[in-house]
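Here's the structure, in structure tokens; my notes come after.
There are 4 protein chains.
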Amino acid sequence: MASPEIRVLDKGFVRLIDHMGSDLSVVNAARVSFGKRREAFEEGDAKLIGYLAEHEHTSPFRHTALTLHVKAPIFVFRQWMKHRIGSEFNEISGRYVEFPEDEFFVPAAFRRQAKVNKQGSEGEIDETGRARAMESYLESCRGAVAHYKELLSLGVCREQARCVLPLGLYSEVYWTVSLQAAAHFIRLRADSHAQWEIQQYAAAVRSVVEPIYPVGLKALLTSGKG
Amino acid sequence: MASPEIRVLDKGFVRLIDHMGSDLSVVNAARVSFGKRREAFEEGDAKLIGYLAEHEHTSPFRHTALTLHVKAPIFVFRQWMKHRIGSEFNEISGRYVEFPEDEFFVPAAFRRQAKVNKQGSEGEIDETGRARAMESYLESCRGAVAHYKELLSLGVCREQARCVLPLGLYSEVYWTVSLQAAAHFIRLRADSHAQWEIQQYAAAVRSVVEPIYPVGLKALLTSGKG
Amino acid sequence: MASPEIRVLDKGFVRLIDHMGSDLSVVNAARVSFGKRREAFEEGDAKLIGYLAEHEHTSPFRHTALTLHVKAPIFVFRQWMKHRIGSEFNEISGRYVEFPEDEFFVPAAFRRQAKVNKQGSEGEIDETGRARAMESYLESCRGAVAHYKELLSLGVCREQARCVLPLGLYSEVYWTVSLQAAAHFIRLRADSHAQWEIQQYAAAVRSVVEPIYPVGLKALLTSGKG
Amino acid sequence: MASPEIRVLDKGFVRLIDHMGSDLSVVNAARVSFGKRREAFEEGDAKLIGYLAEHEHTSPFRHTALTLHVKAPIFVFRQWMKHRIGSEFNEISGRYVEFPEDEFFVPAAFRRQAKVNKQGSEGEIDETGRARAMESYLESCRGAVAHYKELLSLGVCREQARCVLPLGLYSEVYWTVSLQAAAHFIRLRADSHAQWEIQQYAAAVRSVVEPIYPVGLKALLTSGKG
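Protein chains in written order, with our numbering: chain X, 1 to 226; chain E, 1001 to 1226; chain R, 2001 to 2226; chain D, 3001 to 3226.
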């Protein structure tokens, strides 16, 4: 039933598990105001949807739902879960599951700390440091995983041993949202001020949501609200 | 696409517009904790769902969604909309739409004010008063509708004219909820302390939700939580 | 402890019951991102708050709370309660309480149905109809209240008798919200497209919120977001 | 203004930043149903509060608010943030802030993986392994911090460098909730099935909340609902 995975970063993915409704659901939820209902999406309906988004009549966009299965690094999920309103998350539990080896994020390139934007990055680090940065990064993550395995072999419970695992570790989540909440996530996280890694997920989520609710998504993104 | 109407009270109904998922969705949202996913509901899954409900692991029950179309008197919707968490409502607007005649709730019987329970009712009123009560009730509602029509004919805007309409007037709503929120509504409003009229809607909602998520609904109702 | 009532419409009011925090709370909730905290609101803080609102970093605005006590007609509360996200309502129950006489809204003027905007109103109705409109309106509401009393006297329970009461009846609510949710309400309901009656409540809410969070409210209203 | 810190684990704390209301707020929010309001908490009010909790009339408990400042390891916050309904979080951002050295959680004892409960722990690991477990744990965390510093010195942006930091790292959060949401957190996380480390935070939160809303908290915890 689930759709194919859209690959994101080096080991992550986004895939659609299920969804409810279409652009027509938005129209019909709005049309209940006038006591009307249609069986097919008609020409004028795109205009109505645009009007709703522009005037912040957002409730019709919430009579929809999507469940996505996402594999992403923990630091990405920590940003993602700030989008809590109208979002449901269920995540792999490090209390139940032993994390596999090498399941951590490895950047394709290391970006420089931005000069002006204190939370941003820009370009790549100097060429002279790149090889050492990658070595250092891998040493750190592999070291952490090795220590994690050692702690488990000494009998330490998973819930404590995981404390040494890195924030770059991949995890998996079921995420259920309305079209409005998905659009809000895409709008804020596809933005150039968001961390580059989560931008890739926002693009992947967009590519899943867009075919299902093309008019509704466009209207919400264009309005810049909601 | 929409299902047949389940008739409620004298002129109301509940019908399913759309839904997402099944009991298997609950299982898979829970199983993501163990990094697992199944394609079919298996025998042990009912036990897992029971465990989740009993231990208030409610988030898996929220990776589901239903949209219902409901016609009910306004005083019923005013109780219904207290269930706001995880619920979306879109309603007919009395600013847009002129209310039709005779679209108000008429009780099949008038109940007596309860002696002990200050917010309750019990039995029927004395037989001597019944005919007059019905006359009085109908006079009031018909009078209000007639005055509403007169105000409109004098040019008064709908948004003001509706002030004279009675709380027993029927309205229509699109209601979108997760299985958990639906179960919570059913549990509290099918209860004998709830007003009799909303109990009828709770029963109708149950008859819509049960075939879709039979195991999940039973688990949530049995646990008495969530 | 509660503040004086701000009178709204003919018999309504808004008054502050309690609140938590100030503009400084917004600043400190935002500054936790940088690991900092201040004891006093400083000059640059208004700029930070403006930046947060403009860039939709809305969560700092939600580390605040206000409780208002509001008396308004039911049709106003029905619009108000559409603002459900981050809002808590507790309302007088018509199951418990017998409604007093003459506690219904009487408009100072009847507006005409708007020609273009199907949900709007404009100007006043023709002078020739005004006296009759008022008579008709009062007859309807007084008639409904009289029938309500009669039903009660016949032994009908309050929960059924109230069905004949008009949507213009006054009710009372405790409303608890964050600054963000209050600003959202004010922004959408002080707008000229909102019904005139609820605009008056939006203005009263603003006059309560503004002295408590002057910088935060201004930033949210100016941004036109959140 | 903020209260003293309650120390939790080796380097964490919970402290009250601000709050709104008292047990009387719960009573008055409930009493608005009867159109009443009191200025002081009276003897019968505890009974009313108990009744509300027992019958899941939870909305009066949400006309309250608390803001806590919490310092806890990231793996604790990841559990904490599952309690999203009615909760607001603002957290230190690893994009803005360079994490200080040695700011990671060090367990006082390592627990054994539980035999039966797949997500639990029990007792301590064998004495023979304890010294090595501590060495391994500290090597891992110190190694990660050293690599983090090296990556920063090579010019790598903070938002990428933090990927190597361990889940045991301390972070800080502002948490704003109603009494109901706080009680729900305490009830589920002070439970013996929760991870021991978060149980310590649940106890600390309880010690902050209890003096402010003693009757309300007790009622919610006793009811085992809400």
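Each residue gets a CB set at the ideal place from its N, CA and C atoms; glycine is no exception.
In this structure, LEU66 (chain X) sits near THR176 (chain X), with a CB-CB distance shorter than 8 Å. Between PHE1105 (chain E) and PRO1060 (chain E), the gap from beta carbon to beta carbon reaches 8 Å or more. Counting only residues of its own chain and dropping the five nearest sequence neighbours on each side, GLU1005 (chain E) has a CB closer than 6 Å to the CB of PHE1013, ARG1015. Residue state for HIS1147 (chain E) is assigned as helix, using DSSP reduced to three classes. In terms of Cβ geometry, ARG2142 (chain R) and GLY2094 (chain R) do not form a close pair [threshold 8 Å]. Apart from sequence neighbours up to five positions away, the residues of its chain that approach ASN1028 (chain E) with a beta-carbon distance below 6 Å are ARG1037, ordered along the chain. Nearest C-alpha to ALA3114 (chain D) among X:ALA190, X:TYR96, X:TRP196, X:ALA40: X:TYR96.
For SER33 (chain X), the secondary structure class from DSSP, reduced to helix, strand or coil, is helix. The shortest CA-to-CA distance from LEU3052 (chain D) to any of D:GLU3039, D:VAL3070, D:SER3033, D:HIS3069 is the one to D:SER3033. Contacts with chain X at 8 Å (Cβ-Cβ) include LEU2188 (chain R). Contact of VAL3209 (chain D) with chain X is not assigned, every C-beta pair being separated by 8 Å or more.
The three-state reading of DSSP puts VAL156 (chain X) in strand, counting E and B together.
TYR2174 (chain R) sits in a strand when the DSSP states are folded into three classes. When only Cα atoms are considered, MET134 (chain X) and ILE125 (chain X) end up about 11 Å apart.
Using a Cβ distance threshold of 8 Å, TYR3148 (chain D) and PHE3099 (chain D) count as a contacting pair. Taking the Cβ atoms as the reference, GLY1168 (chain E) lies roughly 6 Å from PHE1075 (chain E), within the contact range of under 8 Å.
If you look at ILE49 (chain X), you'll find it in the alpha helix (DSSP H) that goes 45-54. Bridge partners of PHE1013 (chain E) according to DSSP: E:ARG1007, E:LYS1071. In this chain, the alpha helix (DSSP H) harbouring GLY2216 (chain R) covers 2214-2223. The stretch 206-213 of chain X makes contact with the stretch 179-188 of chain X; the number of CB pairs closer than 8 Å reaches 3 or more.
Contacts between GLU2054 (chain R) and chain X, judged by CB atoms closer than 8 Å, are missing: the closest CB pair is about 12 Å apart.
With a cutoff of 8 Å on beta-carbon distance, ILE198 (chain X) and ARG189 (chain X) are scored as near each other. In the DSSP annotation of this structure, the continuous segment of the beta strand (DSSP E) that includes PHE2089 (chain R) starts and ends at 2087-2091. Residue-level contact by beta carbon holds for LYS2225 (chain R) and chain X, with a gap shorter than 8 Å. Straight through space, the alpha carbons of LEU3152 (chain D) and ASP10 (chain X) are spaced by roughly 22 Å. Cβ-Cβ separation between ILE1092 (chain E) and GLY35 (chain X): approximately 5 Å, consistent with a contact (criterion under 8 Å).
Cβ-Cβ distances below 6 Å link ALA3040 (chain D) to nothing in the same chain once the five nearest sequence neighbours on each side are left out. THR1128 (chain E) counts as exposed, since fewer than 16 other beta carbons sit within 10 angstroms of its beta carbon. Within chain X, ASN90 have C-beta atoms less than 8 Å from the C-beta of PRO1060 (chain E), given in sequence order. Distance from the CA of LYS2047 (chain R) to the CA of GLN119 (chain X), rounded to the nearest whole angstrom, comes to 18 Å. Linking VAL116 (chain X) to GLU122 (chain X) through their CA atoms gives a straight-line distance of about 10 Å. Contact note: ILE1085 (chain E) reaches chain D through ILE3085, using a C-beta cutoff of 7 Å and chain order.
Annotated three-state conformation of HIS1019 (chain E) is strand, per DSSP.
Counting along the chain, SER2121 (chain R) sits inside the beta strand (DSSP E) bounded by residues 2121-2124. Non-local beta-carbon contacts of GLY1216 (chain E) in its own chain, meaning distances under 7 Å to residues more than five positions away in sequence, involve ASP1023, VAL1026, ILE1049, PHE1061, LEU1179 in chain order.
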